[in-house]
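Student: The structure under discussion is supplied below as C-alpha cells; questions concerning it will follow.
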Amino acid sequence: EKKLSSFPLSSQYHHDVRYSYAGDVHTVPQSENSMEERGGGELFVPPLNFAMVDNGIFRSGFPEPVSFSFLQSLRLRSIIYLCPEAYPEVNREFAKSNGIQVFQFGIERCKEPFVNIPDEVIREALQVLLDTENHPVLIHCKSGKHRTGCLVGCVRKIQRWCLSSIFDEYQRFAAAKARISDQRFMELFDISNLKHSPLNFSCSKRYNNTIDY
1 EKKLSSFPLS
11 SQYHHDVRYS
21 YAGDVHTVPQ
31 SENSMEERGG
41 GELFVPPLNF
51 AMVDNGIFRS
61 GFPEPVSFSF
71 LQSLRLRSII
81 YLCPEAYPEV
91 NREFAKSNGI
101 QVFQFGIERC
111 KEPFVNIPDE
121 VIREALQVLL
131 DTENHPVLIH
141 CKSGKHRTGC
151 LVGCVRKIQR
161 WCLSSIFDEY
171 QRFAAAKARI
181 SDQRFMELFD
191 ISNLKHSPLN
201 FSCSKRYNNT
211 IDY
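Below, the structure is given as C-alpha cells:
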C-alpha cells in the first residue's frame, strides 16, 4: 500500500504526467473593520466555498492567509491539494508550523470539451481521504468546485448516496459552471474494488437515535 510523504512533497507522488481536467457558499465581507466586531474579538474567515463534507472531512477553495486562523480551529492533520502547481510558500509554512501533512494530486484545470478526469489519481486521493489517521482533512483545489466536487462526489458514492443527490450537491458549489463531464465521471466511477469501511454520514449518526417514527 502506498504511503504518501509529508513535506517536502515527494517526487514519487508528484505525477510527471499532468492530467487534463478542466453546501453553501460562504460570502465573507472584506472591509477593514470586519475583523473587529462583537466586542473587538477576531472573526474567523473561512476559505471560499468552505463546507463540512462529513465528520472530520472538509472542502473549500484555495485557502488564503486570511483564513489560516479559521483552519487552525479545525485542528487539521492533513490537506489534500488537487492542483498541479507548487504549493505557495506561505501555505507550506502554515502547514508545517501546524503539523499538517499536505498530499498533492496534481490535476490540470481545463475547460470543456477538453476535460479528462484521471481515474487513477482520484483513487489515490480517496485512499488518503478514507484513512481516518489523516483526519481531520481539508480537500481543496483552486475554487472548490470541479476537482474538489468530483472527489467529494466519489465519496458520496461510497456512502451510497443516490446520483440525484450527488449531482445536487455538486451543482450547489459549481452553480452556473457545472460540467456534464464531471457528472458523467461520478456516475461511471466504479467503487467495487475500493477496500474500505463505508463512511457513516455524520448527520445520520447524529439524529439516528433522536427521531421518532
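Okay, so the sequence shown: first residue is 1 according to full-length UniProt numbering, each after it adds one.
Cβ atoms here follow ideal geometry from the backbone N, Cα and C, with glycine treated the same way.
All of these numbers come straight from a predicted model, not from anything done at the bench.
If you follow the alpha helix (DSSP H) that V121 is part of, which residue opens it and which one closes it?
Tutor: Where V121 is concerned, the enclosing alpha helix (DSSP H) starts and stops at D119 to L130.
Student: Taking Cβ positions, are I158 and I191 nearer each other than 9 Å?
Tutor: yes
Student: Rounded to the nearest angstrom, how far is the Cβ of F103 from that of V66, given a contact under 8 Å?
Tutor: Contact doesn't hold; Cβ gap of about 24 Å is too wide.
Student: Hey, could you find the ends of the alpha helix (DSSP H) S181 is sitting in?
Tutor: The continuous alpha helix (DSSP H) containing S181 extends over residues I180 to L188.
Student: Which whole-angstrom value is the C-beta distance of P46 and H140, which I expect to be below 8 Å?
Tutor: That pair is no contact at about 12 Å.
Student: DSSP on Y81, reduced to helix/strand/coil?
Tutor: strand
Student: With DSSP collapsed to three states, give me the class of S165.
Tutor: helix
Student: Taking the alpha carbon of Y170 as the point to measure from, which residue in V152, L74, I57 and Y87 has its own alpha carbon closest?
Tutor: V152
Student: Among F68, Q72 and A178, whose alpha-carbon lies nearest the alpha-carbon of V90?
Tutor: F68
Student: In chain order, what residues of the same chain lie with their CB nearer than 7 Å to the CB of I100, ignoring the 5 residues before and after it?
Tutor: L76, R77, S78 and I79
Student: Check this for me: beta carbons of M186 and C162, under 9 Å apart or not?
Tutor: no
Student: Just to check my reading of the structure: P136 and F58 have Cβ atoms closer than 8 Å, yes? What is that Cβ distance to the nearest angstrom?
Tutor: 7 Å
Student: Please report the distance separating the alpha-carbon of R179 from that of A86.
Tutor: 26 Å
Student: When you compare each of N193, R147 and F44 to S181 by their alpha carbons, which one comes out closest?
Tutor: R147
Student: Are the beta-carbon atoms belonging to K145 and A174 less than 9 Å from one another?
Tutor: yes
Student: With 16 other CB atoms within 10 Å as the buried threshold, where does P118 fall?
Tutor: buried
Student: DSSP puts Q159 in a beta bridge; with which residues?
Tutor: Paired residues: none, contrary to the question.
Student: Does DSSP classify L48 as helix, strand or coil?
Tutor: coil
Student: CA-CA distance, R172 and S97?
Tutor: 33 Å
Student: From the DSSP secondary-structure annotation, give me the bridge partner or partners of S60.
Tutor: H140
Student: Rounding to the nearest angstrom, what Cα-Cα distance links L82 and E42 in this structure?
Tutor: Pairing L82 with E42, the inter-Cα distance amounts to about 30 Å.
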